Each structure stands twice: as C-alpha cells, then as structure tokens.
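Heads up: the sequence shown begins at 237 in the numbering used here, then just goes up one per residue.
Where is the CB? At the ideal position from N, CA and C, for every residue including glycine.
No experiment lies behind these values; they were computed from the predicted model shown.
To start, the structure under review is shown below, and the notes come after it.
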Amino acid sequence: MSTNVYQEPSRAVPVVFQAEVIVCGGGPAGAAAAIASARTGARTVLLEGQGCLGGIWTSGLLTWIIDAGGKRGIMAEIIARLDRRNARKQSEGEDFTYDAEEMKLLLEEMCEEAGVTVLLHTRVVHAGVNDGGRLSIVVTESKSGRQAWSAGVFIDATGDGDLAARAGCRFELGRPGTGETQPMSLMALVAGIRLEDAAPFTMNGLSEEPKHRLLEQMAQADVRPSYSGPSLFHIRDRLFALMANHEYGASAVDAMQISRATMQARRELHHIVDGLRAAGGVWSGLYLVSTANHIGVREGRRILGRYVVGEADLREGRKHEDSVCQVRYGIDIHSTNPLQGKGFGDDGKPSLPYEIPLRALIAADVDGLLLAGRCVSGDFIAHSSYRVTGNAVAMGQAAGATAALCALSDTLPPQMEWGAIRQALLQLEEWT
C-alpha cells in the first residue's frame, strides 16, 4: 500500500430516505428551493452542513440583503414576515438589514409549515450517477454516520457547487486565464455605540460616503483594513454589523485555505475593533459581540448549465422567455489582487437589468440535477452581479418548483413544459 494513498474499504451505505426532491445546501437559495418544492407538492428533504438554515444570512451574519426589491413570492414573504417580527430595517434604498437570529427561526418555521424534512449538521460527500447519466443518490456524513438519500430530482444550492462537482459536472472557477477569485470576508456583530453618534459612518443604501468616513476613522486610529470600503450596518438598538476585511487568494473549495482565511480574518476584526475603541470618541464603548461561524464566500464553482449567463446578457439587458429572475444589481467585483487595489469595481464593463433563464439552472452534464444560487451557470463577470442573495432566493424558488413538477411527473428538467413551470411560480407568488 502506498504511503500517500489510503484505500478506503468498500461498504454498503444504507438508503435512509426516498424523497421526491432533495435540496443540498440550506442557504437563501436552498431554503427557498425546499419551501417551493414542498409547496408545489413534492416530498422534499433539505440537507444543510451548518447548525441552522440561512447560510450566509445566518451562519455568515451577512445582515444586508441586496436586490430583493421586486422579487415576488418567497422573498417578498420573508420580508413581510421579518417586518411582523420587527426584525428588519429598510435602508434609504431597496436594500435592508435584518436580525440574523430571527432569520434562523423564520426559515425553520417556513420549512416546517411547508412540510420539508430538514437535516442540519449533514454534509454531502458523494453523488451517485447511474449508467444513464442521471443523478440518483447523494451520500452524506453526519453524527449518524454515512447515509444515502435517493430522489427523483436534486438541487445543488451549496453555493460552491459541491454536489454538481461530485456528480462529475464541468465547472469554472475564478477569472479566465488567472483563476483569481473574489476575496472572502468575515462578518462581525459589534455593539457599545449609539446610532445617533455612528450614523455618519453607517450604510444608508444610497451613498458610499459612510464607507469613506469609516475608513478615515480607522486611519486616524492607525488601523489599515484589508478592505478599503469597510461597512457598518445598523441592525437594531445598539447592535451593528461590521464588514471590514478581505481575504485574498483563498479558494472556496480548499478546506485548508478556508480555515487559514477564517482565522486570519478573525484576528483582523479583533484588531480593528480594539483599535477603534482605543481611539475613543464615538468608538469608546465599542466591543465585538461575535464573528460569523462561516466566512463569507463570494465566489466558488460556476457549474456548466444548458445556458451560460454571460457579460453580453448584462451589456444588452437580455430577456428570456423562460426567465426566472430579473437581476437589477450591477457588476460588483471585489478586488482579486490587493496589489491593484483593495476595493471593488465593475472592471469598466457596462450593465443593464437582465434576466436569468431557467436553462442556466439546469446542469448540462448530469440529468436530474438543478442549480440554485451563486453556483448557477454563468461567466466571471455575470456571476459578480447575480451572486447576491435577493437573486439567490428567486433562483431557488424557480429550481424548487421545477424540481417538484419534474419529480411528480417523472420528467427531466429540460423536457418539462415551461407553461407548467410558469403556472407553478405564479401560484407560489400567491403565498405572500
């Protein structure tokens, strides 16, 4: 036996559940997909690796939702239900902050109400594709050991395209030619400051000036953040969220690199908060409440689908007959190379509002597999626009409804009639 290879013994893995739809990943896209699937009538399982639903919204403490305006159905319902909990603050624009703890409970309640079977602390480690090229089994690892799950249709909402990659789908990662990816950022909750004092430095949704003022405050405190556009978000009372770091050159599909980036980011956040507090004034009572359990990943695998959303879609503002999501957010590329700047920009590329077609959510290489969220089929430029979470929910909703219809009629996604999918999506909008 080679000292560099361990030959794992073969073993029989029990199939513990036979679902009609299985969603892998319980972030904004995955939670929406599972809810939509179950509401459309399919027996649905949602598998999530963290200890709560919500992904970047909760485990990642994002607290700021972009491009949710005008999204009908589940996104609009989430907004309305957050408002009833007094757990959301509207900015001067369309974006808003929310209470991450309330979001956890809300998503769990919505899944339970829809009849979704939710498994937390459960990570997909293998995909079984049959001789006909159809995904038929996913294998997970958890406290229950190694288990297999079968379904008629699967949805990859892992963010990084983990399921699709394990099933053998082709994908791209990073900038063409260099492979450079957008940096990761670790969010933090902070407290001890008053809104009336911190307002000039707090994001309002329309202007970048609060970021510039906050950066000046950090410079005066002799703090030089790795991100040149640090952002402070007001959540409620004296609770704020801080996004102030960039972790460059870390791959979202390498556990060692993610671990190193997370620990380095956490050290930097403590340094920033300590430095601001030592500077006194507005910041004299500032303290760090918590850093996120999961670092925020902007860019992972982009899985090849039946359509590739590309730069031309943005430039021309393309529309599609099978549109499932209108994207109004522009090109937002956080610096992939700190030697060329530590902020964000659009690479000089123009963009107009555009649509994502259902075809971009259908995997090209494996049957019975849909995609939702930032792992859908697109190029580097387009991905920087559609990756934000308001769009992830809309894509998840479409993938969930499509998966349910396909599973219930034993039809593969490319063969499913668009009229039936459109009707199911209209029915989901009536839930709001």
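Under the three-state DSSP convention, the category residue i falls into
i: residue 614; result: strand
i: residue 259; result: strand
i: residue 569; result: strand
i: residue 622; result: helix
i: residue 677; result: The question about residue 677 has no answer, for the chain in this structure spans 237 to 668.
i: residue 381; result: strand
i: residue 352; result: coil
i: residue 392; result: strand
i: residue 438; result: strand
i: residue 278; result: coil
i: residue 541; result: strand
i: residue 305; result: coil
i: residue 633; result: helix
i: residue 254; result: strand
i: residue 291; result: helix
i: residue 266; result: helix
i: residue 638; result: helix
i: residue 448; result: helix
Residues that residue i bridges to, as DSSP identifies them
i: residue 325; result: 333
i: residue 561; result: 592
i: residue 283; result: 260, 355
i: residue 659; result: Answer by DSSP bridge pairing: none, since residue 659 is not bridged.
i: residue 271; result: Paired residues: none, contrary to the question.
i: residue 483; result: 420
i: residue 599; result: 541
i: residue 363; result: 374
i: residue 386; result: 254, 373
i: residue 581; result: 569
Range covered by the beta strand (DSSP E) that runs through residue i
i: residue 373; result: 371-378
i: residue 299; result: Residue 299 -> no beta strand (DSSP E), and no H or E assigned at all.
i: residue 651; result: Careful: residue 651 lies outside any beta strand (DSSP E) and carries neither H nor E.
i: residue 479; result: 475-479
i: residue 522; result: Here residue 522 belongs to no beta strand (DSSP E), and DSSP marks it neither H nor E.
i: residue 472; result: 467-472
Host alpha helix (DSSP H) of residue i (start-end)
i: residue 498; result: 491-515
i: residue 460; result: That residue, residue 460, is in no alpha helix (DSSP H); it is neither H nor E in DSSP.
i: residue 317; result: 310-320
i: residue 606; result: Here residue 606 belongs to no alpha helix (DSSP H); instead the beta strand (DSSP E) covers 605-607.
i: residue 400; result: 398-402
i: residue 248; result: It is not in any alpha helix (DSSP H) - residue 248 carries neither H nor E in the DSSP assignment.
i: residue 552; result: 547-552
Counting Cβ pairs closer than 8 Å, one from the stretch 583-599 and one from the stretch 553-562, do we hit at least three? yes
Evaluate the contact criterion for the stretch 591-607 versus the stretch 507-527: three or more CB pairs, one atom per stretch, below 8 Å. no
Looking at C-beta atoms only, is the number of pairs between the stretch 444-462 and the stretch 275-287 that lie closer than 8 Å three or more? no
Any contact of the stretch 628-635 with the stretch 555-573, i.e. 3+ C-beta pairs under 8 Å? yes
Assess, as a yes-or-no matter, whether the stretch 505-515 is touched by the stretch 568-578 under the definition of 3 or more beta carbon pairs within less than 8 Å. no
Write down every uninterrupted run of the beta strand (DSSP E) in the stretch 405-431 whose length is 3 residues or greater and which is fully enclosed by it, in chain order. 424-427
Between the stretch 640-648 and the stretch 432-446, do three or more beta carbon pairs fall short of 8 Å? no
Counting Cβ pairs, one atom from each stretch, are 3 or more of them under 8 Å apart for the stretch 277-293 and the stretch 347-354? yes
Check whether the stretch 398-417 touches the stretch 295-313, taking contact to mean three or more Cβ pairs, one atom from each stretch, closer than 8 Å. no
Given 8 Å, three or more beta-carbon pairs between the stretch 302-318 and the stretch 367-380: no
Are there three or more Cβ pairs, one per stretch, closer than 8 Å when the stretch 462-475 is compared with the stretch 393-400? no
Check whether the stretch 491-511 touches the stretch 525-540, taking contact to mean three or more Cβ pairs, one atom from each stretch, closer than 8 Å. yes
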